[in-house]
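J.: Going line by line, the protein sequences match chains Z and A. If you read the first sequence in the numbering used here, its first letter stands for residue 1, the second for the next number, and so on. If you read the second sequence in the numbering used here, its first letter stands for residue 91, the second for the next number, and so on. Questions regarding the structure given below will be posed in turn.
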Amino acid sequence: MARLNLVLILVALACALSVVSANHRARKMFSELESSQKRMRDLEVEFGQLQLEQSTLAAHVRVEKAAREKLGMRSPAPGQIISVDTVQGN
Amino acid sequence: MKPKSIKFSRSPLLSERLPPWRQRLVLVVLLGAFVALIARSLYLQAFNNEFLGDKGRARFERVIDISATRGRITDRHGDVLAVSTPVRSIWAIPEDVQLAPSQARSLAALLEMDVRDVNRKLGAERDFVYVKRQLSPELADRISALKFPGIHQKNEYRRYYPSGEVMAHMLGFTGIEDAGQEGIELAFNSQLSGKAGSRRVIKDRRGNVVEDVESIHPPLEGKDIALALDSKVQYLAYSHLKQAIEENRAKAGGVVVLDARTGEILALANLPTYNPNNRERLIGAQLRNRALTDSFEPGSTLKPFTAALALEKGKVRFDTPIQTAPGKMTIGSATISDAHAHGMLTVAQVIQKSSNIGAAKLALSMTPQEMWTMFDSLGFGAPLKLGFPGEVGGRLRPAKSWKPIEQATMAYGHGISVTLIQLAHAYQAFARDGDLVPISLARMDALPPSGKQVFSPQTAREVRAMLEMAVQPGGTAPKAQIAGYRVAGKTGTAHKIEGGSYANKYVASFVGFAPASDPRLIVAVMIDEPSNGKHFGGDVAAPVFARVMAGSLRTLGVAPDAPLQPLVMTSAEPVREEM
Numbered sequence: 001m002a003r004l005n006l007v008l009i010l011v012a013l014a015c016a017l018s019v020v021s022a023n024h025r026a027r028k029m030f031s032e033l034e035s036s037q038k039r040m041r042d043l044e045v046e047f048g049q050l051q052l053e054q055s056t057l058a059a060h061v062r063v064e065k066a067a068r069e070k071l072g073m074r075s076p077a078p079g080q081i082i083s084v085d086t087v088q089g090n
Numbered sequence: 091m092k093p094k095s096i097k098f099s100r101s102p103l104l105s106e107r108l109p110p111w112r113q114r115l116v117l118v119v120l121l122g123a124f125v126a127l128i129a130r131s132l133y134l135q136a137f138n139n140e141f142l143g144d145k146g147r148a149r150f151e152r153v154i155d156i157s158a159t160r161g162r163i164t165d166r167h168g169d170v171l172a173v174s175t176p177v178r179s180i181w182a183i184p185e186d187v188q189l190a191p192s193q194a195r196s197l198a199a200l201l202e203m204d205v206r207d208v209n210r211k212l213g214a215e216r217d218f219v220y221v222k223r224q225l226s227p228e229l230a231d232r233i234s235a236l237k238f239p240g241i242h243q244k245n246e247y248r249r250y251y252p253s254g255e256v257m258a259h260m261l262g263f264t265g266i267e268d269a270g271q272e273g274i275e276l277a278f279n280s281q282l283s284g285k286a287g288s289r290r291v292i293k294d295r296r297g298n299v300v301e302d303v304e305s306i307h308p309p310l311e312g313k314d315i316a317l318a319l320d321s322k323v324q325y326l327a328y329s330h331l332k333q334a335i336e337e338n339r340a341k342a343g344g345v346v347v348l349d350a351r352t353g354e355i356l357a358l359a360n361l362p363t364y365n366p367n368n369r370e371r372l373i374g375a376q377l378r379n380r381a382l383t384d385s386f387e388p389g390s391t392l393k394p395f396t397a398a399l400a401l402e403k404g405k406v407r408f409d410t411p412i413q414t415a416p417g418k419m420t421i422g423s424a425t426i427s428d429a430h431a432h433g434m435l436t437v438a439q440v441i442q443k444s445s446n447i448g449a450a451k452l453a454l455s456m457t458p459q460e461m462w463t464m465f466d467s468l469g470f471g472a473p474l475k476l477g478f479p480g481e482v483g484g485r486l487r488p489a490k491s492w493k494p495i496e497q498a499t500m501a502y503g504h505g506i507s508v509t510l511i512q513l514a515h516a517y518q519a520f521a522r523d524g525d526l527v528p529i530s531l532a533r534m535d536a537l538p539p540s541g542k543q544v545f546s547p548q549t550a551r552e553v554r555a556m557l558e559m560a561v562q563p564g565g566t567a568p569k570a571q572i573a574g575y576r577v578a579g580k581t582g583t584a585h586k587i588e589g590g591s592y593a594n595k596y597v598a599s600f601v602g603f604a605p606a607s608d609p610r611l612i613v614a615v616m617i618d619e620p621s622n623g624k625h626f627g628g629d630v631a632a633p634v635f636a637r638v639m640a641g642s643l644r645t646l647g648v649a650p651d652a653p654l655q656p657l658v659m660t661s662a663e664p665v666r667e668e669m
């Protein structure tokens with residue numbers, strides 16, 4: 001009887017300790033999840049800002065100015081354009 | 091001396107007999123106390139456990155708000171036109187603020203504000219003040235690191251418009267509370283705006299979230315909206331309009347580009363405009379989305395509709411001759427005239443040369459009700475209901491009140507007023523095979539089914555041919571020609587009404603489409619009060635049309651339908667249209 005009780009006490013102790021460690025692991029993983037989610041939000045914000053920056057840099061006013069002034073580009077004269085038919089399905 | 095030993099068991103007190111009830115009394119009292127304790131704990135734990143439970147939860151549970159971002163607005167290719175990024179606002183409860191003078195100074199320096207302004211705001215007799223709104227997160231972090239007592243921060247969003255003034259009227263803007271106030275931002279506000287959510291969590295002593303308890307409302311993110319707008323076409327429209335306004339020293343102007351196949355708005359530009367990112371010192375004239383909110387008498391751009399109706403009703407054929415000599419015509423007590431008498435013209439030439447007399451004669455062969463029904467089915471007189479704020483429908487009076495002179499002038503676009511977008515919409519009837527599809531602000535992924543039939547396909551094709559003549563040498567708008575494409579369109583030049591009578595100010599317009607063999611784009615241009623010597627639609631508006639159309643067709647990769655040869659302008663000056 002005494003031996004059975006001892007075994008049961010040990011089993012109960014092991015259970016209690018595993019509950020503690022499981023809880024601890026759960027909290028650790030939760031905080032990881034939280035920080036990942038925060039990172040996700042931060043990255044989304046950064047994505048928005050980068051998109052904004054991209055649109056600002058790729059603004060047509062800026063591109064046209066650069067093309068005309070820095071690169072010396074111009075629209076081709078009508079005679080310089082050759083139109084080609086695209087082959088279907090390529 | 092030996093101490094006297096006392097044996098407790100022999101204490102004299104014990105020898106005294108105590109009454110037995112005392113023992114029982116103590117027993118009962120102690121037992122009663124235990125019962126009371128057990129009962130109380132049972133009561134607290136099992137029957138009335140809410141109060142303490144609440145107190146406990148209040149110490150470690152917190153409700154956090156989860157903010158939702160407003161959706162982005164993109165053009166049809168996904169280029170971002172409007173995006174929200176987080177900013178922070180600094181707020182305080184004036185009563186709680188205890189700032190040392192040096193702290194107030196450093197706060198003011200960080201906020202780039204005058205220290206007196208800061209002190210005035212913090213000393214205000216109010217429960218809540220914003221010290222400064224919409225700061226960058228970096229600056230806000232520096233402020234929060236200094237831990238000013240009583241100064242708090244709040245997360246907010248600010249909307250940015252990278253394309254600035256180019257698309258200002260189309261996009262509109264949001265107010266400081268992130269709600270749409272103008273343009274698309276208002277028209278699509280319910281879809282764009284998200285709904286903040288909240289969740290309950292457990293926090294530890296240091297304020298870290300350690301456990302999720304429940305999500306109270308999940309946040310609802312705002313939806314992204316893809317507009318029909320093509321940012322390249324929009325830029326072309328804006329920059330060429332701007333150039334024309336400067337060249338002609340005009341007061342205002344507008345351009346609308348529609349996709350003839352789908353009814354999508356590819357571009358909509360107005361001048362004067364504003365920068366939506368910096369809206370200080372805005373005046374009403376800059377804010378007006380003229381293409382939608384200002385109606386004007388369109389003038390000759392309505393003539394093709396008159397001709398189309400006459401063809402449709404079988405009153406004339408495209409080659410029926412009409413006598414327009416001697417260039418004057420009296421109806422009732424009023425006289426209408428052509429500035430240049432043309433003599434005998436065919437119906438097609440009436441459109442090509444833009445003869446008022448010819449158009450009036452065509453109109454008078456029909457009943458007012460027939461004309462009214464046509465104008466009504468073209469969408470004149472009622473707003474197109476795009477959802478834009480301030481959209482107007484122009485003026486189309488009921489047919490019963492028309493006098494013959496009014497019916498005659500309406501044939502060439504006077505006594506009726508329309509907006510630029512209505513005009514572009516109505517020209518679908520010629521660019522398509524006589525039907526109208528609704529105008530769409532948002533990108534459409536499929537071709538719309540054929541729309542409301544106004545004219546027969548045969549009539550539409552005949553008028554299209556007449557409109558092609560108008561831009562060729564001998565027409566009113568050779569300057570609307572484009573190398574490589576067949577173009578069709580009509581000029582309009584109208585006197586403006588001021589105080590009830592026609593003033594010596596003009597509205598020059600041009601509406602047309604290309605390629606004429608299979609129309610893809612409709613471009614409508616309106617220039618208000620050109621005052622640099624030229625005021626005819628063929629001189630002022632047609633070149634804008636040509637530049638915008640040529641650039642847009644090239645951008646969209648539309649195959650040319652005419653030989654690519656340099657344009658030959660036989661006569662530099664267009665035929666003068668009538669007003």
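We put the CB at the ideal spot given by N, CA and C, even for glycine.
Quick one, which residues of the region 4-28 of chain Z are near chain A if we go by CB-CB under 7 Å, in chain order?
T.: R27
J.: Report the rounded CA-to-CA distance for A:R533 versus A:R152, giving the unit in angstroms.
T.: One-based indexing of the second sequence puts residue 533 of chain A at position 443. One-based indexing of the second sequence puts residue 152 of chain A at position 62. Straight-line measurement puts the Cα of A:R152 at about 43 Å from the Cα of A:R533.
J.: Please say whether A:P191 and A:V219 have beta carbons closer to each other than 8 Å?
T.: The sequence position of residue 219 of chain A within the second sequence is 129, counting from 1. The sequence position of residue 191 of chain A within the second sequence is 101, counting from 1. No, the pair does not count as a contact, with Cβ atoms beyond the cut-off.
J.: Taking a Cβ distance cut-off of 7 Å, strictly less, list which residues of the region 29-59 of chain Z are near chain A, in chain order.
T.: The region 29-59 of chain Z vs chain A, Cβ under 7 Å: F30, S31, E34, V45, G48, Q49, Q51, L52, S55, T56, A59.
J.: Would you tell me roughly how many angstroms separate the C-alpha atoms of A:Y325 and A:R644, rounded to the nearest one?
T.: Looking up residue 325 of chain A in the second sequence gives position 235. Looking up residue 644 of chain A in the second sequence gives position 554. About 14 Å.
J.: Touch check for the region 373-382 of chain A and the region 341-351 of chain A: three-plus C-beta pairs under 8 Å?
T.: yes
J.: Nearest-angstrom Cα distance between A:Q193 and A:V187?
T.: As a working note, residue 193 of chain A is residue 103 in the second sequence. As a working note, residue 187 of chain A is residue 97 in the second sequence. For A:Q193 and A:V187, the distance between alpha carbons rounds to 11 Å.
J.: Give me, in chain order, the residues of the same chain whose beta-carbon lies closer than 6 Å to that of A:A277; leave out the 5 immediate sequence neighbours on both sides.
T.: Sequence index remark: in the second sequence, residue 277 of chain A carries index 187 (1-based). Excluding positions up to five away in sequence, the list reads G477, F478.
J.: Shorter than 8 Å from the beta carbon of A:A342 to some beta carbon of chain Z?
T.: Here residue 342 of chain A refers to the residue found at position 252 when the second sequence is read from its first residue. Using beta-carbon distances, A:A342 does not count as an interface residue toward chain Z, since no partner is under 8 Å.
J.: For A:T660, count neighbouring C-beta atoms within 10 Å of its own C-beta (all shown protein chains included) and say buried if the count is 16 or more, exposed if not.
T.: Position 570 of the second sequence holds residue 660 of chain A. With a pLDDT of 49 at A:T660, under the threshold of 50, the modelled position of this residue cannot be trusted, and the question is left open.
J.: How big is the Cα-Cα spacing for A:G582 and A:L229?
T.: Counting from 1 along the second sequence, the entry for residue 582 of chain A is found at position 492. Counting from 1 along the second sequence, the entry for residue 229 of chain A is found at position 139. Taking the straight line from one Cα to the other gives about 55 Å.
J.: Which of the three DSSP states, helix, strand or coil, is assigned to A:T164?
T.: Working through the second sequence from its first residue, we reach residue 164 of chain A at position 74. The answer is strand: DSSP assigns A:T164 an E or B state.
J.: Quick one: what's A:E151 bridged to in DSSP?
T.: The residue labelled residue 151 of chain A in the question sits at position 61 within the second sequence. Beta-bridge pairing links A:E151 to A:I292.
J.: Examine the Cβ distances between the region 627-638 of chain A and the region 62-74 of chain Z and report whether three or more of them are shorter than 8 Å.
T.: no
J.: DSSP three-state call for A:A431: helix, strand or coil?
T.: The residue you call residue 431 of chain A lines up with position 341 of the second sequence. DSSP, read as helix, strand or coil, puts A:A431 in coil.
J.: Quick one: what's A:S599 bridged to in DSSP?
T.: Position 509 of the second sequence, counting from 1, holds the residue named residue 599 of chain A. Paired residues: A:G582, A:M616.
J.: Is Z:N5 helix, strand or coil when you go by DSSP?
T.: Taking the first sequence and counting its residues from 1, one reaches residue 5 of chain Z at position 5. It is helical.
J.: Closer than 6 Å by C-beta to A:D294: which residues in its own chain qualify, once you throw out the five before and the five after it? Chain order, please.
T.: As a position in the second sequence, residue 294 of chain A is number 204, starting the count at 1. Excluding sequence neighbours, A:D294 sits near V300.
J.: With distance defined between alpha-carbon atoms, name the residue in A:P539, A:S179, A:S607, A:V125 nearest to A:T352.
T.: As a first step, residue 352 of chain A is located in the second sequence; it is residue number 262 there, counting from the start. That would be A:P539, whose Cα lies nearest to the Cα of A:T352.
J.: Counting only Cβ-Cβ distances shorter than 7 Å, please list the residues of the region 270-298 of chain A near chain Z, keeping chain order.
T.: Going along the region 270-298 of chain A in chain order, one finds N298 with a Cβ nearer than 7 Å to chain Z.
J.: Could you check where the alpha helix (DSSP H) with A:S455 kicks off and where it finishes?
T.: One-based indexing of the second sequence puts residue 455 of chain A at position 365. Where A:S455 is concerned, there is no enclosing alpha helix (DSSP H), given that its DSSP letter is neither H nor E.
J.: Starting from A:A359, follow the beta strand (DSSP E) in both directions and report where the run begins and ends.
T.: Reading the second sequence from its first residue, position 269 is the one you call residue 359 of chain A. That run of the beta strand (DSSP E) goes 355-361.
J.: Between the region 548-557 of chain A and the region 514-521 of chain A, can you find at least three pairs of beta-carbon atoms closer than 8 Å?
T.: yes
J.: Strictly by DSSP, which residues pair up with A:D349?
T.: Stepping through the second sequence from its first residue, residue 349 of chain A is reached at position 259. BP columns for A:D349 point to A:L611.
J.: If you follow the beta strand (DSSP E) that A:E246 is part of, which residue opens it and which one closes it?
T.: Your numbering for residue 246 of chain A matches position 156 in the second sequence. Counting along the chain, the beta strand (DSSP E) containing A:E246 begins and ends at 241-250.
J.: For a cutoff of 8 Å on Cβ pairs, would you count A:E301 as touching chain Z?
T.: Start at 1 with the first residue of the second sequence, and residue 301 of chain A comes out as number 211. Cβ-Cβ to chain Z under 8 Å: yes for A:E301.
J.: Per DSSP, what kind of secondary structure is A:Q224 in: helix, strand or coil?
T.: For the purposes of this step, residue 224 of chain A is taken as the residue at position 134 of the second sequence. In the structure shown, A:Q224 sits in a strand (DSSP, three-state: E or B).
J.: DSSP three-state call for A:D629: helix, strand or coil?
T.: As a working mapping, residue 629 of chain A is identified with position 539 in the second sequence. Here A:D629 sits in helix by DSSP.
J.: Could you tell me whether the region 106-126 of chain A touches the region 235-249 of chain A, where touching means 3 or more Cβ pairs closer than 8 Å?
T.: no
J.: Is there a Cβ of chain Z sitting closer than 8 Å to that of A:K405, yes or no?
T.: On the second sequence, residue 405 of chain A is found 315 positions in, with the first residue counted as 1. It does not: the Cβ of A:K405 has no partner Cβ on chain Z nearer than 8 Å.
J.: Assign A:H504 to one of three DSSP states: helix, strand, or coil.
T.: Along the second sequence, read from residue 1 onward, the residue named residue 504 of chain A stands at position 414. Note: A:H504 maps to coil in three-state DSSP.
J.: Within 10 Å of its beta-carbon, does Z:I9 have 16 or more other beta-carbons around it, so buried, or fewer, so exposed?
T.: Residue numbering aside, residue 9 of chain Z sits at position 9 when the first sequence is read from its first letter. Burial call: exposed.
J.: Identify which residue in A:K322, A:N446, A:A158, A:A578 has its Cα closest to the Cα of A:A269.
T.: Residue numbering aside, residue 269 of chain A sits at position 179 when the second sequence is read from its first letter. The closest CA to that of A:A269, considering only A:K322, A:N446, A:A158, A:A578, is found on A:A158.
J.: Using beta-carbon positions only, say whether A:V406 and A:A415 come within less than 8 Å of one another.
T.: Sequence index remark: in the second sequence, residue 406 of chain A carries index 316 (1-based). Sequence index remark: in the second sequence, residue 415 of chain A carries index 325 (1-based). It is not a contact, given that the beta carbons lie outside the stated cut-off.
J.: Going by C-alpha to C-alpha distance, which of A:V177, A:R551, A:L474 sits closest to A:D680?
T.: Absent from the structure is residue 680 of chain A, since the part of chain A shown begins at 91 and ends at 669.
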